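Below: the structure, in structure tokens.
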Ligand SMILES: Cc1cc2nc3c(=O)[nH]c(=O)nc-3n(C[C@H](O)[C@H](O)[C@H](O)COP(=O)(O)O)c2cc1C
């Protein structure tokens with residue numbers, strides 16, 4: 008599962024672990040500088056680290072930062088304090104706050120040698136915990152730096168590299184270029200190459216392994232709407248039949264369990280507000296999902312939210328039962 012700010016929180020990772028089939032989970036990205044200052048001034052931990060200590064493994068924590076010393080220090084602290092399975096360095100985020108303002112994330116794709124230095128320092132500070140990196144193809148189509156970047160990562164002791172097949176300039180426009188991702192394999196000697204971008208279905212995930220010389224596939228947006236995609240893909244990759252889409256009561260239960268975890272983290276009011284973003288994902292593709300979304304977006308009261316969920320699913324269940332009646 009791809010790291011996704013605002014989405015791959017503990018509640019979502021918990022759901023994915025329950026569903027099964029997923030290889031590696033990541034936290035949302037964390038600011039290295041932010042962590043550094045929180046540590047120094049003994050401030051509260053960022054919400055992205057909620058329950059990370061107790062969570063099942065494997066678990067990767069992703070960090071963005073452009074200062075080698077600071078990055079190495081916070082990465083070593085994450086390893087020591089949280090015993091995470093690996094540290095992933097973000098060199099792919101195009102967001103203004105990260106790339107322009109902080110000259111981190113995708114900004115660094117212009118400077119493969121700086122990426123090499125950052126990886127080397129973190130590898131030395133975190134040994135034997137593996138350090139991986141997530142990149143894009145380069146700043147723009149005119150400046151494809153990924154070949155030099157993946158080599159720098161490997162030479163610096165990186166354990167794997169994930170490539171989102173777009174440039175920084177593209178942000179999320181156009182299509183991910185899997186041919187460009189595949190070409191990077193010839194620049195690597197030892198470490199796994201993980202391809203990422205625009206995989207929307209089980210068949211596309213399976214096809215990616217067959218079609219491209221990648222060692223792994225990372226899925227982001229499609230799995231937000233269909234978190235069971237990994238379970239289905241894992242079965243398909245083992246030659247088993249693709250499991251059916253989950254039934255409605257199951258979706259309802261997952262939504263409610265997710266809500267409970269959000270409440271534990273944020274309290275009932277904030278959790279209900281946050282469900283404006285998350286609840287629609289659980290009903291994606293179902294009839295009247297848009298109506299449900301607009302209703303959920305108008306409430307900040309937990310009891311009303313629960314009533315809306317009940318209403319939505321009982322109406323759906325009734326109509327599903329009605330439709331499955333044999334016609335006489
Ligand atoms: C809302 C959102 C948040 C994201 N947050 C992160 C992040 O924190 N770290 C990161 O490396 N990539 C992040 N990404 C990029 C994804 O990890 C992934 O590379 C991208 O969505 C392409 O994969 P997909 O087509 O399977 O979604 C984010 C993407 C989206 C849409």
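Numbering (this note's numbering), first residue to last: 8 to 335.
Every residue, glycine too, gets a C-beta built ideally from N, C-alpha and C.
Predicted model, so just to flag it, every value in this text is computed and none were measured.
Just the C-alpha distance for residue 110 and residue 116, rounded to the nearest angstrom, thanks. Residue numbering aside, residue 110 sits at position 103 when the chain shown is read from its first letter. Residue numbering aside, residue 116 sits at position 109 when the chain shown is read from its first letter. Approximately 10 Å, taken between the alpha carbons.
Go through its chain and collect everything with a Cβ distance to residue 32's Cβ below 8 Å, but skip five positions before and after it. The residue given as residue 32 occupies position 25 in the chain shown. Cβ within range, chain order: 8, 15, 20, 23, 24, 65, 66 and 67.
Beta-carbon proximity of residue 128 to residue 78, cut-off 8 Å: Along the chain shown, one-based indexing puts residue 128 at 121. Along the chain shown, one-based indexing puts residue 78 at 71. Residue 78 sits close to residue 128, with the two beta carbons spaced by under 8 Å.
Based on the DSSP secondary-structure assignment, which residues constitute the bridge partners of residue 67? The residue you call residue 67 lines up with position 60 of the chain shown. For residue 67, which the question treats as bridged, DSSP gives the partners 33 and 93.
May I have the straight-line CA-CA distance separating residue 261 from residue 285, to the nearest angstrom? Residue mapping note: residue 261 aligns to position 254 of the chain shown, counting from 1. Residue mapping note: residue 285 aligns to position 278 of the chain shown, counting from 1. Taking the straight line joining both Cα atoms gives about 12 Å.
Shorter than 7 Å, the distance from the beta carbon of residue 100 to the closest heavy atom of ligand 1, or not? Walking along the chain shown from the start, residue 100 turns up at place 93. Yes.
So for residue 143, helix, strand or coil by DSSP? Walking along the chain shown from the start, residue 143 turns up at place 136. Residue 143 falls in the strand class under three-state DSSP.
Using three-state DSSP, classify residue 179 as helix, strand or coil. The residue you call residue 179 lines up with position 172 of the chain shown. Three-state result, residue 179: coil.
For residue 167, which three-state DSSP category applies? As a working note, residue 167 is residue 160 in the chain shown. Looking at residue 167 - three-state DSSP - the assignment turns out to be strand.
Whose C-beta lies closer than 6 Å to the C-beta of residue 13 among residues of the same chain, with five residues either side of it excluded? By one-based count along the chain shown, residue 13 stands at place 6. Within the same chain, residue 13 has no close Cβ partners at all.
Got a sec? Which residues, its chain only, sit under 7 Å from residue 240 by beta carbon, not counting five neighbours each side? Indexing the chain shown from 1 puts residue 240 at position 233. Only 28, 209, 212 and 213 meet the Cβ criterion.
Return the chain-ordered list of same chain residues with a C-beta closer than 7 Å to the C-beta of residue 334, the five sequence neighbours on each side being excluded. For the purposes of this step, residue 334 is identified with residue 327 of the chain shown, where counting begins at 1. The predicted position of residue 334 is uncertain, since its pLDDT is 29 and thus under 50; a value taken from the coordinates is nonetheless stated next. For residue 334, where only same-chain residues beyond five positions count, there are no Cβ hits under 7 Å.
When every heavy atom of ligand 1 is checked, does at least one fall within less than 7 Å of the C-beta of residue 62? Within the chain shown, residue 62 is the residue found at index 55, counting from 1. Not under cutoff, so the answer is no.
Grab me the residues of residue 225's own chain with a C-beta within less than 6 Å of its C-beta, minus the 5 sequence neighbours each way, in chain order. For the purposes of this step, residue 225 is taken as residue 218 along the chain shown, with counting starting at 1. Correct list, in chain order: 9, 169, 201 and 203.
Quick check on this structure: which residue in 307, 174, 119 and 140 has the alpha carbon closest to the alpha carbon of residue 94? Locating residue 94 in the chain shown gives position 87, counting from the first residue. Ranking the options by Cα distance to residue 94, first place goes to 140.
Evaluate contact between the stretch 218–232 and the stretch 183–201, counting only Cβ atoms and requiring at least three cross-stretch pairs below 8 Å. yes
How about residue 97 and residue 76: do their beta carbons lie closer than 8 Å? Indexing the chain shown from 1 puts residue 97 at position 90. Indexing the chain shown from 1 puts residue 76 at position 69. Taking 8 Å as the cut-off, the Cβ atoms of residue 97 and residue 76 do not count as close.
Please report the distance separating the alpha-carbon of residue 39 from that of residue 17. As a first step, residue 39 is located in the chain shown; it is residue number 32 there, counting from the start. As a first step, residue 17 is located in the chain shown; it is residue number 10 there, counting from the start. In a straight line, the C-alpha of residue 39 is about 20 Å away from that of residue 17.
So for residue 333, helix, strand or coil by DSSP? Against the chain shown, residue 333 aligns to sequence position 326. Caution applies to residue 333, whose pLDDT of 35 falls short of 50 and renders its modelled position unreliable; the value that the coordinates give is listed next. It is coil, neither helix nor strand.
By the DSSP assignment, the beta strand (DSSP E) with residue 202 in it spans what residues? On the chain shown, position 195 is the one that residue 202 refers to. Here the beta strand (DSSP E) through residue 202 covers 200–203.
Cα-Cα separation, residue 283 to residue 36: Position 276 of the chain shown, counted from the start, is the residue given in the question as residue 283. Position 29 of the chain shown, counted from the start, is the residue given in the question as residue 36. If you take the alpha carbons of residue 283 and residue 36, they lie about 22 Å apart.
Residue 310 versus 276, 294 and 299, residue with shortest Cα-Cα distance: Counting from 1 along the chain shown, the entry for residue 310 is found at position 303. Residue 310 has its Cα closest to that of 276, out of 276, 294 and 299.
In DSSP terms, what residue 38 is bridged to: Here residue 38 corresponds to residue number 31 of the chain shown, with the count starting at 1. DSSP output for residue 38 lists 71 as bridge partner(s).
Assign residue 178 to buried or exposed, taking buried as 16 or more other Cβ atoms, counted over all protein chains shown, within 10 Å of its Cβ. As a working note, residue 178 is residue 171 in the chain shown. Label assigned to residue 178: exposed.
Output yes or no for whether 8 Å exceeds the beta carbon distance between residue 106 and residue 175. Looking up residue 106 in the chain shown gives position 99. Looking up residue 175 in the chain shown gives position 168. Yes, Cβ-Cβ distance for residue 106 and residue 175 is below 8 Å.
According to the neighbour-count rule (16 or more other Cβ atoms, all chains shown, within 10 Å of its Cβ), is residue 298 buried or exposed? Numbered from its first residue, the chain shown carries residue 298 at position 291. Its Cβ having fewer than 16 others within 10 Å, residue 298 is exposed.
Can you look up residue 59 in the DSSP assignment and give me helix, strand or coil? Counting from 1 along the chain shown, the entry for residue 59 is found at position 52. Looking at residue 59 - three-state DSSP - the assignment turns out to be coil, as it is neither helix nor strand.
Which residue's Cα is closest to the Cα of residue 47: 306, 243 and 84? Within the chain shown, numbered from 1, the residue matching residue 47 stands at position 40. Out of 306, 243 and 84, 84 has the C-alpha closest to the C-alpha of residue 47.
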